[in-house]
Amino acid sequence: MSSKKTKSSKSLSASKTAIAAPLVGVVMGSRSDWETMRHAVALLEEFGVPCEYRVVSAHRMPDAMAIYAKEAEERGLHAIIAGAGGAAHLPGMIAAQTTVPVLGVPVKSGTMEGFDSLLSIVQMPAGIPVASFAIGEAGAKNAALFAIAQLALLHEGLAAKLASFRKSQTKAASESILEPPRKLHAKRCAANILVFSM
Ligand code: RP5
Numbered sequence: 161m162s163s164k165k166t167k168s169s170k171s172l173s174a175s176k177t178a179i180a181a182p183l184v185g186v187v188m189g190s191r192s193d194w195e196t197m198r199h200a201v202a203l204l205e206e207f208g209v210p211c212e213y214r215v216v217s218a219h220r221m222p223d224a225m226a227i228y229a230k231e232a233e234e235r236g237l238h239a240i241i242a243g244a245g246g247a248a249h250l251p252g253m254i255a256a257q258t259t260v261p262v263l264g265v266p267v268k269s270g271t272m273e274g275f276d277s278l279l280s281i282v283q284m285p286a287g288i289p290v291a292s293f294a295i296g297e298a299g300a301k302n303a304a305l306f307a308i309a310q311l312a313l314l315h316e317g318l319a320a321k322l323a324s325f326r327k328s329q330t331k332a333a334s335e336s337i338l339e340p341p342r343k344l345h346a347k348r349c350a351a352n353i354l355v356f357s358m
């Protein structure tokens, strides 16, 4: 049996009229996580990846969380991006109940700036993997890009979009214009004079 998967040139959505079944699920422990997790959804939508998003709290909705995890594979999800803050047990608890890859996003918490969320997500004991990303917006964006990269191995159109995304990012970085330090210093002095003379 060959394990090599061939890339399909088919569009990610089944047809233009039908609503495509989600390939990526984005879940979060609370509505308060949405400000962070919306960045993952925005990127998935930008790339045209069918996705769904909802609150599935591990400790406030444990039964719903278990059903979500257990049905993920038969519903056709290829990845679950799970964001949580504080004790942040959601990604691990979902991963424990499905073999669909779980990508964990540590949400910035009020007390420890998200360091608590990061450690909770990243320190999974051996046997149940959770891919862990950076704290906050960067993590949400990178989790989406990671899921996109996985799907791009199967869909040529998506691979092309990802390549062009990388290309434009490279172009923007290489075209960065930096203001000379002397000019910045002059600006700061002018601002100070303005403040002192007020
Ligand atoms: C976690 O607790 C959530 O993921 C959220 O980041 C954190 C705080 O939740 P709320 O008290 O804002 O609902 O379960």
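According to our numbering, the residues represented by the sequence shown are 161 to 358, in order. Using N, Cα and C, we set each Cβ at its ideal position, and we do this for glycine too. All values reported here derive from a predicted model rather than from experimental measurement.
Measure the C-alpha to C-alpha separation of residue i and residue j and round it to an integer number of angstroms.
i    : j    : result
S280 : A294 : 13 angstroms
P261 : R342 : 50 angstroms
L172 : M188 : 24 angstroms
S277 : T271 : 11 angstroms
G299 : A202 : 13 angstroms
A303 : A350 : 43 angstroms
E234 : V215 : 20 angstroms
K321 : E335 : 21 angstroms
A323 : G296 : 25 angstroms
L318 : A332 : 21 angstroms
M284 : M221 : 21 angstroms
V209 : S328 : 19 angstroms
S292 : V282 : 5 angstroms
E339 : H345 : 10 angstroms
A247 : A232 : 23 angstroms
S162 : A286 : Legend: pLDDT at S162 = 43, less than 50; position of this residue unreliable, value from coordinates given subsequently. So the alpha carbons of these two residues sit roughly 28 angstroms apart.
Residues in its own chain within less than 7 angstroms of residue i by CB, not counting five upstream and five downstream?
i    : result
Q257 : A226, A229 and K230
A160 : Here the chain has residues from 161 to 358 only, and residue 160 is not among them.
M253 : A218 and M225
W194 : M188
P289 : A255
R191 : V215
L305 : L203
Span of the beta strand (DSSP E) holding residue i?
i    : result
I241 : A239 to G245
M188 : V184 to M188
V140 : Missing from the structure shown is residue 140; the chain here goes from 161 to 358 and no further.
Return the first residue and the last residue of the alpha helix (DSSP H) that residue i is part of.
i    : result
P266 : Unbroken run through P266 is the beta strand (DSSP E), V262 to V267; no alpha helix (DSSP H).
G252 : L250 to A255
S336 : Taken as a continuous stretch (DSSP letters only), S336 belongs to no alpha helix (DSSP H), as it is neither H nor E.
V201 : W194 to E206
E297 : E297 to A312
P222 : P222 to E231
L172 : Where L172 is concerned, there is no enclosing alpha helix (DSSP H), given that its DSSP letter is neither H nor E.
V282 : F275 to V282
Got a sec? Which residues, its chain only, sit under 6 angstroms from residue i by beta carbon, not counting five neighbours each side?
i    : result
L237 : G185 and V260
F325 : none
L250 : G189, A218, A242 and A244
S175 : Summary for S175: the model assigns pLDDT 48, below 50, so the residue's position carries little reliability; its value from the coordinates is reported in the next sentence. Excluding residues within five positions, none has a Cβ falling inside 6 angstroms.
F207 : I308 and K321
Spatial neighbours of residue i within its chain, please: C-beta separation below 8 angstroms, excluding the five flanking residues on both sides.
i    : result
M197 : V186, M188, Y213, I241, G243, V265, V267 and A300
V274 : For the record, residue 274 in the displayed sequence is Gly; it is not Val. Hits under 8 angstroms: G245, P266, V267, K268, I295 and G296.
C211 : P182, L183, V184, G185, V186, V201, L204 and E205
Quick check on residue i - is its C-beta less than 7 angstroms from some C-beta in chain D?
i    : result
P251 : Among the chains of the structure shown, chain D does not appear; only one protein chain is present.
Open item on the list: Give me the pocket residues for ligand 1, defined as CB within less than 5 angstroms of any heavy atom, sorted by chain position.
Closed with: Ordered along the chain, the selected set is G189, S190, S192, D193, A244, G245, G246 and V267.
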